[in-house]
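A.B. asks: I'd like to ask some things about the structure below.
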C-alpha cells in the first residue's frame, strides 16, 4: 500500500510564509509527477503547482512568484514553499502523485488546512 502524508499547514497572518511537505510511504514503488491542489469552501479543487520527476514545474497564475514547488526523489517527498500569503490562499491543500505500484495510479493525501488571516 502507498500513502501520501502531508504536514506543515496552519494559521498564518497575511504576508507570512508556510512550507508544506508530502511524503509517500510504502515500498517498491516509483513516483512520477507530484503536485499540490487546494479547495476552499464552496469552490472546486484547483491545481496550485505540479512538478515532474525531472523537475519541470507549472503553477496556477494566482500563485506564480509567491509559491515554489520542489521535490526530493530520494525521500519520495514533495514540498510547497508558500510566501507572501494572502487571505484568498486559505484552503485545504492536497498532495497528489502518480505512483507506479504494479500499475500506474493517481493518489491523494488527506489534506492539510492552511488559513491566512488578514
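In the numbering used here, the protein residues as written are 1003 to 1120. Glycine included, each C-beta is placed from N, C-alpha and C at the ideal position.
List the whole-angstrom C-beta distance separating residue 1054 from residue 1071, where the pair is believed to meet the contact cut-off of C-beta under 8 Å.
C.D. replies: Translated into the one-based positions of the chain shown, residue 1054 becomes position 52. Translated into the one-based positions of the chain shown, residue 1071 becomes position 69. Contact doesn't hold; Cβ gap of about 10 Å is too wide.
A.B. asks: Since residue 1035 is in the beta strand (DSSP E), which residue starts that stretch and which ends it?
C.D. replies: Here residue 1035 refers to the residue found at position 33 when the chain shown is read from its first residue. Element bounds for residue 1035: 1032–1041.
A.B. asks: For the region 1087–1102 against the region 1039–1046, are there 3 or more C-beta pairs whose distance is under 8 Å?
C.D. replies: yes
A.B. asks: Just confirm the distance between the C-beta atoms of residue 1022 and residue 1008, as a whole number of angstroms; I'd bet it's less than 8 Å.
C.D. replies: One-based indexing of the chain shown puts residue 1022 at position 20. One-based indexing of the chain shown puts residue 1008 at position 6. Yes, residue 1022 and residue 1008 are in contact; Cβ-Cβ is about 6 Å, under 8 Å.
A.B. asks: With distances taken Cα to Cα, identify the nearest neighbour of residue 1069 among 1050, 1079 and 1075.
C.D. replies: As a working note, residue 1069 is residue 67 in the chain shown. In terms of Cα proximity to residue 1069, the closest of 1050, 1079 and 1075 is 1050.
A.B. asks: In this structure, how does DSSP classify residue 1004 when only helix, strand and coil are distinguished?
C.D. replies: Residue numbering aside, residue 1004 sits at position 2 when the chain shown is read from its first letter. DSSP places residue 1004 in coil when its eight states are reduced to three.
A.B. asks: Quick check on residue 1038: buried or exposed, where buried means 16 or more other Cβ atoms within 10 Å of its Cβ?
C.D. replies: Stepping through the chain shown from its first residue, residue 1038 is reached at position 36. Classification of residue 1038: buried, given that the 10 Å Cβ count is 16 or more.
A.B. asks: Looking at the strands, I want to know which residues DSSP matches up with residue 1107.
C.D. replies: Here residue 1107 refers to the residue found at position 105 when the chain shown is read from its first residue. Within the DSSP bridge table, the entry for residue 1107 names 1101 as partners.
A.B. asks: According to DSSP, is residue 1051 part of a helix, a strand, or is it coil?
C.D. replies: Numbered from 1 along the chain shown, position 49 holds the residue referred to as residue 1051. Of the three classes helix, strand and coil, the one that applies to residue 1051 here is strand, per DSSP.
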